[in-house]
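Residue numbers (our numbering), protein chains in the order written: chain A, 393 to 570; chain B, 114 to 436; chain C, 6 to 510.
Glycine included, C-beta positions come from ideal geometry on N, C-alpha and C.
See structure below.
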Amino acid sequence: MPDPTGDPVVAPRGGFAVGELCIALGAIILAAVMVWQVFEIPVSPLYAQVGPTVMPFFAALGLGALGVLLLLSAVRGGWQPEEEREARPDWQALAWIIAGLVLNVALIGPLGFTIASVILYVCVARGFGSRNPLRDAGIGLAFALIAYFGFAKTLGINIGAGLLENWLESIVFGVVPS
Amino acid sequence: MLTRRELLATTVVAGAVQGLGLSFAQAQTLDMLKMFVPAAPGGGWDQTARSLEAALRATKAVNGVQITNVPGAGGAVGMPQFLNQWKGQGNALMVAGMVMVGALIANKSPFSLTQVTPIARLTGEFLALCVPAGSAFKSAKDFADALKADPTKVPVAGGSAGGSDHILLGMIAKAVGAQPAKVSYVAFSGGGPATAALLGSQVAAGISGYGEFGEQIKAGKLRVLAISADKRVDGIDAPTLKEQGIDVELFNWRGVFAPPGVNDAQRTAMIAVIEKLAASKEWAETCKRQDWTQITLTGADYGKFITEETARIGGILKELGLA
Amino acid sequence: MNAFDQLLHGFAVALTPVNLMWCLVGTTLGTAIGVLPGLGPALTIALLLPITFKVDPAAAFILFAGIYYGAMYGGSTTSILLNTPGESATIVTALEGNKMARNGRAGAALATSAIGSFVAGTIGTLGITFLAPVVVDWALRFGPADYFALMILAFVTVSAVLGSSATRGLATLFLGIFLGLIGVDLQTGQARFTFGVPELLDGINVIIVAVGLFAVGETLYVASRYRSGVDEIIPLKGSLWMTREEWGRSWKPWLRGTALGFPIGAMPAGGAEIPTFLSYYVEKKLSRKPEEFGHGAIEGVAGPEAANNASAAGVLVPMLTLGLPTSATAAIMLSAFQSYGINPGPLLFESQATLVWGLIASLFIGNVMLLVLNLPMIAIWVKMLRIPAPQLYAGILVFATIGTYGITQSPVDLILLYVIGGLGYLMRRYDFPTAPVIIGMILGPLAEQNFRQAMTISAGDWTVFFTRPISATILVLALLALAGPRLFGLWQTMRLKNQALAGDS
Numbered sequence: 393m394p395d396p397t398g399d400p401v402v403a404p405r406g407g408f409a410v411g412e413l414c415i416a417l418g419a420i421i422l423a424a425v426m427v428w429q430v431f432e433i434p435v436s437p438l439y440a441q442v443g444p445t446v447m448p449f450f451a452a453l454g455l456g457a458l459g460v461l462l463l464l465s466a467v468r469g470g471w472q473p474e475e476e477r478e479a480r481p482d483w484q485a486l487a488w489i490i491a492g493l494v495l496n497v498a499l500i501g502p503l504g505f506t507i508a509s510v511i512l513y514v515c516v517a518r519g520f521g522s523r524n525p526l527r528d529a530g531i532g533l534a535f536a537l538i539a540y541f542g543f544a545k546t547l548g549i550n551i552g553a554g555l556l557e558n559w560l561e562s563i564v565f566g567v568v569p570s
Numbered sequence: 114m115l116t117r118r119e120l121l122a123t124t125v126v127a128g129a130v131q132g133l134g135l136s137f138a139q140a141q142t143l144d145m146l147k148m149f150v151p152a153a154p155g156g157g158w159d160q161t162a163r164s165l166e167a168a169l170r171a172t173k174a175v176n177g178v179q180i181t182n183v184p185g186a187g188g189a190v191g192m193p194q195f196l197n198q199w200k201g202q203g204n205a206l207m208v209a210g211m212v213m214v215g216a217l218i219a220n221k222s223p224f225s226l227t228q229v230t231p232i233a234r235l236t237g238e239f240l241a242l243c244v245p246a247g248s249a250f251k252s253a254k255d256f257a258d259a260l261k262a263d264p265t266k267v268p269v270a271g272g273s274a275g276g277s278d279h280i281l282l283g284m285i286a287k288a289v290g291a292q293p294a295k296v297s298y299v300a301f302s303g304g305g306p307a308t309a310a311l312l313g314s315q316v317a318a319g320i321s322g323y324g325e326f327g328e329q330i331k332a333g334k335l336r337v338l339a340i341s342a343d344k345r346v347d348g349i350d351a352p353t354l355k356e357q358g359i360d361v362e363l364f365n366w367r368g369v370f371a372p373p374g375v376n377d378a379q380r381t382a383m384i385a386v387i388e389k390l391a392a393s394k395e396w397a398e399t400c401k402r403q404d405w406t407q408i409t410l411t412g413a414d415y416g417k418f419i420t421e422e423t424a425r426i427g428g429i430l431k432e433l434g435l436a
Numbered sequence: 006m007n008a009f010d011q012l013l014h015g016f017a018v019a020l021t022p023v024n025l026m027w028c029l030v031g032t033t034l035g036t037a038i039g040v041l042p043g044l045g046p047a048l049t050i051a052l053l054l055p056i057t058f059k060v061d062p063a064a065a066f067i068l069f070a071g072i073y074y075g076a077m078y079g080g081s082t083t084s085i086l087l088n089t090p091g092e093s094a095t096i097v098t099a100l101e102g103n104k105m106a107r108n109g110r111a112g113a114a115l116a117t118s119a120i121g122s123f124v125a126g127t128i129g130t131l132g133i134t135f136l137a138p139v140v141v142d143w144a145l146r147f148g149p150a151d152y153f154a155l156m157i158l159a160f161v162t163v164s165a166v167l168g169s170s171a172t173r174g175l176a177t178l179f180l181g182i183f184l185g186l187i188g189v190d191l192q193t194g195q196a197r198f199t200f201g202v203p204e205l206l207d208g209i210n211v212i213i214v215a216v217g218l219f220a221v222g223e224t225l226y227v228a229s230r231y232r233s234g235v236d237e238i239i240p241l242k243g244s245l246w247m248t249r250e251e252w253g254r255s256w257k258p259w260l261r262g263t264a265l266g267f268p269i270g271a272m273p274a275g276g277a278e279i280p281t282f283l284s285y286y287v288e289k290k291l292s293r294k295p296e297e298f299g300h301g302a303i304e305g306v307a308g309p310e311a312a313n314n315a316s317a318a319g320v321l322v323p324m325l326t327l328g329l330p331t332s333a334t335a336a337i338m339l340s341a342f343q344s345y346g347i348n349p350g351p352l353l354f355e356s357q358a359t360l361v362w363g364l365i366a367s368l369f370i371g372n373v374m375l376l377v378l379n380l381p382m383i384a385i386w387v388k389m390l391r392i393p394a395p396q397l398y399a400g401i402l403v404f405a406t407i408g409t410y411g412i413t414q415s416p417v418d419l420i421l422l423y424v425i426g427g428l429g430y431l432m433r434r435y436d437f438p439t440a441p442v443i444i445g446m447i448l449g450p451l452a453e454q455n456f457r458q459a460m461t462i463s464a465g466d467w468t469v470f471f472t473r474p475i476s477a478t479i480l481v482l483a484l485l486a487l488a489g490p491r492l493f494g495l496w497q498t499m500r501l502k503n504q505a506l507a508g509d510s
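Okay, here's the thing in structure tokens:
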């Protein structure tokens, strides 16, 4: 481990830092889960000088050790730069974006790529303070449709067609002289 | 897309609309064949599907074909989707093959190819056992003797563990009396890197589809010790494993399956379409160009074959320590 | 007939109006798909394979070559402008490139990447023309033990991106190794860390992780700070084009990147990512202003960009001289050869001279075409940075979604992208560097597989890594890179002390 105490910039502030503590614990828990999963890997009698568990085990060990170092650092007051510690994250903005992402995952299957993308677009723009959802929806729609027809159609891959795409396709291509 | 095409297809049946735009000619056909490929575009199954599409169109057996790729884990990701979402669709086919039998077992998938409706086995590629030109092994027997003496001292290159190359090596080991699980198999991420290791004499021998080595053999950089076909193949100067006293035969076969839950009429109709294709001149040409051996087997016989193959491959994977 | 005459003949094939048109279509299409994360040249060519039934072989290969080179150009554009790498070989470009764009030097970053790609592509193609047999002969000598040594050397590059703390940097490196290990083990076929999810059996695509950490994570971070006015993008500062100083700082990295990229690309297990890591490391070590690295150093764009294009040319060497596909794209191109009834192999240069030389000539032409297409585009691309933040970031997220969802249509990939995005936000907020994740994810599994292949081949003999000359040499290089600066420092102080002592007496 080269120089594990390489955090000289931030002087220990005394008391422990909650955010840093959670992250350090997260790393240790992940390492523990990894060790548990390593024992779940079936080691076959297959001839292999170095089996499938060796590298995962060392990776878990390494992560665990670093997690402990992070924990020590967190207990001594954390490592976050002063300005980050002061700044309060804008939870409202984050909530809008996370809502957009969750809705996108949930709706892209049933409603298709375009509608899900428009919803994501509007939510993210709102998170960044845009006050004009209709205009954003229009831009998002144009953007998604260009992507859909540009890529899906020229290459013939299906990037998730839904109601809107099918309806548009039947309008655009369906009315060609019959 | 599916829904729209289906919708359009039915409208067409009812109204017999003619002459839609050229780019959507395939949508207005009576016989829309939907093909499910549980692998990424470009691989063996995908090429089979796309060659089938071309041949079926050329023979006017169907007018429209639509291919869906669901790649992942040798077919283990696509399989549940085909079983559940494509159930009962009489105009659908899945392209799969021997590799999938092995992948489903090795990945401990709860599914197997015996759960889908067998239509036809179409092609096969036999494998080749090769050595660098300067190798001391002159025949498959030399190789077998070395393997028997100490399997750990004969590193053999091939594709991923549990794939057809590995399975063949396991079968050879078993046939000559070496312990399959002791064989020193070096898995590479594909035929290219495995061939490179063989050309650079990094390993003692290599196993892959004959096509992977064919040109290297012609150029004299590699020597083929044996092929895994049941009998000698025209134009290939190599003995089979069987003639050299190693009782092993293996084809990396590919075939088509209908979803579960199709009725007898649909099944019979589909088999008829594929049988007609398999006998066509166009398909024979495709196979020749792609170096595929035609090994057609349809319907109930194919079903029996799948059951046997599943048992055979499951057995050897167990001995290799993979299942 | 010598290579030069053959090449002239090749130009005659490629320079017909129809083939030029195919080249233009290919380079444009290649640029477009290179821009989309997740959609790469291999998949595009695979989807276009049916075209081989309709056009003659020369045209098809010219089209494919255009797509192949074009994708590398497109991938770097989004890396620089949007911090959203389109291809895994352009991830390193985002590190410095996007910082440059935020500082108002997007034009210079795009220009050095386009010109560097052109230089590297041209030198690389010259390499294919004149050096192919030599290079391939040399590349085949690399066995798994030697590749393992190469990976160890590449791991040293992580020291260039550790950020302000070794502990945090290494923690993210190990996180990357963990992500890279997910999936079925190549050597034994066992599932590792898949938690019973079948979609994870084939592993996690490194592009999803890069886009999640860089683009999604960055968007979340900027949103959380947006109202307090932190992190503003300066669309343009100074000249749109490269300044004299920026030229001076670019040309050597272009050449060094090419020198790293071409031979490693030609190696059967080399790939395009490793030379970009090595190039970044070398440039940081050689730069007169290493402190600028991490804040938009032009060398960190010029070098890796040249490296990835040179490696793209390198990959074609084993394909054309031996018929060996060593990358996904090469494998698909080979299957296109097959659908024409041509069996690519060691005799390809002789048996299909017209086709092969036509292909090589079209690589030269495609490179020129890409430069001509891309340079004027820079002025337009830079305008993209003037898009107001709400629309820009909303666009980036939709864009990341298209590429990720488009290929597999699996919500699992999308969930992964967003979860990793959340992780990226936390890493940014708590001052963890993200680049080591990518390095760990790419190098970890490669090093492991090569190590185990080498151990199987040697029947468990550990000494192979030191007894094979290539492997031993590379390991010594790695040791020097790691300990060299410290030893040098030690030696310097010793010498100074001695001098002082000598002066005293």
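Chain C residues whose Cβ lies nearer than 7 Å to that of residue i
{"i": "G519(A)", "result": "A228"}
{"i": "A167(B)", "result": "F58"}
Distance between residue j and residue i (C-alpha atoms, nearest Å)
{"i": "F198(C)", "j": "V124(C)", "result": "42 Å"}
{"i": "M272(C)", "j": "G319(C)", "result": "8 Å"}
{"i": "Q357(B)", "j": "G368(B)", "result": "29 Å"}
{"i": "Q139(B)", "j": "N176(B)", "result": "Reliability fails at Q139(B), whose pLDDT of 33 lies under 50, so the model's placement of it is uncertain and the value that follows must be treated cautiously. Cα to Cα, Q139(B) sits roughly 6 Å from N176(B)."}
{"i": "L325(C)", "j": "P351(C)", "result": "8 Å"}
{"i": "V161(C)", "j": "A486(C)", "result": "7 Å"}
{"i": "A51(C)", "j": "I180(B)", "result": "13 Å"}
{"i": "T479(A)", "j": "R230(C)", "result": "First, the amino acid is wrong: residue 479(A) is Ala here, not Thr. Using only the alpha carbons, I get a separation of about 8 Å."}
{"i": "G366(C)", "j": "P444(A)", "result": "Looking at the sequence itself, residue 366(C) is Ala, so the reference to Gly does not match. So the alpha carbons of these two residues sit roughly 45 Å apart."}
{"i": "G270(C)", "j": "A300(B)", "result": "21 Å"}
{"i": "W259(C)", "j": "R527(A)", "result": "44 Å"}
{"i": "M374(C)", "j": "A153(B)", "result": "31 Å"}
Residues that residue i contacts on chain C, provided the C-beta gap is smaller than 9 Å
{"i": "L435(B)", "result": "T193, G194 and Q195"}
Cβ neighbour criterion (16 or more within 10 Å) applied to residue i
{"i": "L480(C)", "result": "buried"}
{"i": "R473(C)", "result": "buried"}
{"i": "R163(B)", "result": "buried"}
{"i": "D278(B)", "result": "buried"}
{"i": "W467(C)", "result": "exposed"}
{"i": "L207(C)", "result": "The sequence given here has Asp at residue 207(C), not Leu. Classification of D207(C): buried, given that the 10 Å Cβ count is 16 or more."}
Amino acids of chain C, ordered along the chain, whose beta-carbon sits closer than 8 Å to that of residue i
{"i": "A451(A)", "result": "F179, I182, F183, L186 and G449"}
Would you list, in sequence order, the uninterrupted beta strand (DSSP E) runs of no fewer than 3 residues that lie entirely inside the segment 437 to 491 of chain C? Counting whole runs of 3 or more residues, the segment 437 to 491 of chain C contains no beta strand (DSSP E) stretch at all.
Which residues, in order along the segment 147 to 170 of chain C, keep a beta-carbon less than 7 Å from a beta-carbon of chain A? Answer in chain order: S169 and S170.
Listed from N- to C-terminal order along the chain, which residues in the segment 481 to 509 of chain C have their beta-carbon within a distance smaller than 7 Å of any beta-carbon of chain A? Within the segment 481 to 509 of chain C, no residue qualifies.
For the segment 218 to 234 of chain B, which residues have a CB atom closer than 8 Å to at least one CB atom of chain C, in sequence order? Across the segment 218 to 234 of chain B, CB contacts with chain C closer than 8 Å involve A219, N220, K221 and S222, in sequence order along the chain.
Residues in the segment 71 to 82 of chain C having any Cβ partner in chain A nearer than 9 Å: The residues in question: there are none.
Got a sec: which bits of the segment 269 to 291 of chain C sit with their beta carbon under 7 Å from any beta carbon on chain B, in order along the chain? Within the segment 269 to 291 of chain C, the qualifying residues are P273 and A274.
Near-chain C residues of the segment 408 to 420 of chain A - C-beta to any C-beta below 7 Å: Identification of residues in the segment 408 to 420 of chain A having a C-beta nearer than 7 Å to some C-beta of chain C yields G411, E412, I415 and A419, given in sequence order.
Name, going along the chain, the residues of the segment 405 to 423 of chain C whose beta-carbon falls closer than 8 Å to a beta-carbon of chain A. Residues of the segment 405 to 423 of chain C whose Cβ lies closer than 8 Å to any Cβ of chain A, in chain order: T406, I407, Y410, G411, I412, Q414, P416, L419, I420 and Y423.
Could you name the residues of the segment 470 to 488 of chain A whose beta carbon sits closer than 7 Å to any beta carbon of chain C, in the order they occur along the chain? Within the segment 470 to 488 of chain A, the qualifying residues are W471, Q472, P473, E476, A479, P481, D482, A485 and L486.
At a Cβ cut of 9 Å, what residues of the segment 494 to 512 of chain A count as close to chain C, listed as they run along the chain? If the cut-off is 9 Å between Cβ atoms, the segment 494 to 512 of chain A has V494, N496, V497, A498, I500, G501, F505, A508, S509, V510 and L512 near chain C.
Write down every uninterrupted run of the beta strand (DSSP E) in the segment 162 to 215 of chain B whose length is 3 residues or greater and which is fully enclosed by it, in chain order. Segments of the beta strand (DSSP E) lying fully in the segment 162 to 215 of chain B: 177 to 182 and 205 to 210.
Using Cβ-Cβ distances below 9 Å, what residues of the segment 378 to 394 of chain C are close to chain A? Of all residues in the segment 378 to 394 of chain C, P393 and A394 have a Cβ within less than 9 Å of some Cβ in chain A.
Could you name each continuous beta strand (DSSP E) segment of 3 residues or more that falls completely within the segment 280 to 337 of chain B, going from the start of the chain to the end? The segment 280 to 337 of chain B is shown to contain whole beta strand (DSSP E) runs of 3 or more residues at 298 to 300 and 318 to 322, in chain order.
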